[in-house]
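J.:
Residue numbers (the numbering used here): 42 to 384.
1) For a quick check, are the C-beta atoms of residue 317 and residue 114 less than 8 angstroms apart?
2) Report all residues from its chain with a CB closer than 6 angstroms to the CB of residue 169; omit the five preceding and five following residues, and keep chain order.
3) Using alpha carbons as the reference points, say which of 177, 89, 140 and 163 lies closest to residue 100.
4) Can you tell me whether residue 215 is helix, strand or coil according to DSSP?
5) Note down, in chain order, each residue of its chain lying with its Cβ closer than 6 angstroms to the Cβ of residue 91, except the 5 sequence neighbours on either side.
6) Looking only at its chain, what residues have a beta carbon closer than 6 angstroms to the beta carbon of residue 191, apart from the 5 residues adjacent to it on each side?
7) Rounded to whole angstroms, what is the Cα-Cα separation between residue 175 and residue 166?
8) Assign residue 340 to one of two classes, buried (16 or more other C-beta atoms within 10 Å of its C-beta) or exposed (fewer than that).
9) Taking contact to mean 3 or more Cβ pairs, one atom from each stretch, closer than 8 angstroms, check whether the region 297 to 310 and the region 121 to 131 are in contact.
10) Alpha carbon to alpha carbon, what distance is there between residue 131 and residue 75?
11) What is the residue span of the alpha helix (DSSP H) that residue 106 lies within?
12) Keeping to the same chain, check which residues put their C-beta closer than 6 angstroms to that of residue 213; ignore five residues upstream and five downstream.
13) Going by DSSP in three states, residue 406 sits in which element: helix, strand or coil?
14) For residue 105, which option in 280, 172 and 202 has the closest C-alpha, if you only look at C-alpha atoms?
15) Which residue wins for smallest C-alpha separation from residue 120, given the options 331, 338, 345 and 296?
16) Does the contact criterion of 3 or more C-beta pairs under 8 angstroms hold for the region 264 to 276 versus the region 200 to 214?
17) Please classify residue 364: does DSSP put it in a helix, a strand, or coil?
18) Could you say if the region 234 to 252 and the region 156 to 163 meet the contact criterion of at least three C-beta pairs nearer than 8 angstroms?
19) Taking 6 angstroms as the limit between beta carbons, can you name the residues of its chain near residue 362, skipping five residues before and five after?
20) Taking residue 349 as the reference, give the member of 218, 367 and 211 with the closest Cα.
21) Expressed to the nearest angstrom, what Euclidean distance is found between the alpha-carbon atoms of residue 285 and residue 277?
22) Going by other Cβ atoms of all chains shown within 10 Å of its Cβ, with 16 needed for buried, is residue 117 buried or exposed?
23) Rounding to the nearest angstrom, what Cα-Cα distance links residue 329 and residue 96 in this structure?
24) Count the other CB atoms within 10 Å of the CB of residue 77; is the residue buried (16 or more) or exposed (fewer)?
25) If you draw a straight line from the alpha carbon of residue 85 to that of residue 283, how long is it in whole angstroms?
26) Is it buried or exposed for residue 342, if we count other Cβ within 10 angstroms and need 16 for buried?
27) DSSP state of residue 257, grouped into three classes?
Right under this line is the structure:
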């Protein structure tokens with residue numbers, strides 16, 4: 042990873058962290074070795090599945106928010122456990138269930154699972170302290186952290202364009218966060234803590250995404266999805282001794298719904314990568330902001346502030362710039378490989 046020509050990475054909100062592999066399963070050698078042959082590219086179908094997954098996963102986040110102030114570890118468990126039937130059924134239908142348990146890198150799955158679980162817990166906490174649009178906007182800091190981690194810890198060369206995009210994106214984060222960090226109002230209401238925890242979740246989600254970049258070299262998407270669901274369920278269950286609250290009837294419905302929507306969302310997202318390239322569908326991740334504003338207003342009576350709208354726009358532009366730059370560098374790398382390969 043010593044150059045700036047890596048394949049493009051998906052920029053997605055951290056509430057999706059750990060759901061599926063973040064690279065195209067049809068383009069990495071070995072990443073779908075158990076899957077049937079990839080279908081012909083159908084960009085419109087891939088985009089449609091992507092938008093459906095965004096809406097489904099945002100509905101999952103809304104269920105978590107509506108469930109109230111339950112412990113984050115408990116929310117992680119129910120979200121992961123009730124997603125398992127959908128994941129197992131999907132793998133069984135694809136004929137991948139048996140082979141999905143085989144892995145060459147169990148420790149990497151645990152590492153990725155722990156990072157994803159911590160990110161999920163942070164984001165669930167943030168959802169209970171911030172408006173849905175604010176939380177969604179802060180989750181967009183994920184690709185900015187991926188770039189920083191790649192440069193500081195993985196030795197990847199990040200040149201001025203991407204550093205500039207990171208700086209611009211962080212300015213957007215500050216704008217979104219500013220009203221919630223007000224010492225008199227925001228911090229006393231827990232909103233300042235929500236901002237800090239949301240950004241912490243985005244950071245750990247970035248670690249999970251970077252770990253997936255290693256895993257797809259040897260593991261199938263089926264294996265990655267299955268092991269994360271298992272690790273997340275066990276990690277959430279491990280928080281039981283720290284105190285859980287018995288859910289009410291409506292809370293049970295919301296928790297079961299969050300798991301079902303989470304499982305369905307990750308299946309839709311995985312399928313979207315089979316019909317369109319990563320660079321084609323990644324920008325449609327940001328449709329979640331439009332949906333978040335609508336759901337926040339209609340369901341939670343949350344009106345987005347000017348800070349949220351301006352800051353979100355800046356973060357989205359920065360994220361799209363990173364996607365575009367990495368796609369361009371990926372094309373240059375492939376051209377260089379063709380020129381240097383023996384004829």
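C-beta: ideal position from N, C-alpha, C; glycine also. Here the structure is a predicted model, which is why all the values come from computation and not from measurement.
T.: Reading it off the structure:
1) no
2) 110
3) 177
4) helix
5) 313, 322 and 325
6) 197
7) 13 angstroms
8) exposed
9) yes
10) Any reading at residue 75 is ruled out, since the residue's pLDDT is 45, under 50, leaving its predicted position unreliable.
11) 84 to 107
12) 352, 355 and 356
13) In this structure the chain extends from 42 to 384, so residue 406 is not present and cannot be described.
14) 172
15) 296
16) no
17) helix
18) yes
19) 206
20) 218
21) 11 angstroms
22) buried
23) 7 angstroms
24) Any reading at residue 77 must be qualified, since the residue scores a pLDDT of 48, below 50, and its modelled position is unreliable; the value itself is stated next. Looking at its Cβ environment, which holds fewer than 16 other Cβ atoms inside 10 Å, residue 77 is exposed.
25) 47 angstroms
26) exposed
27) coil
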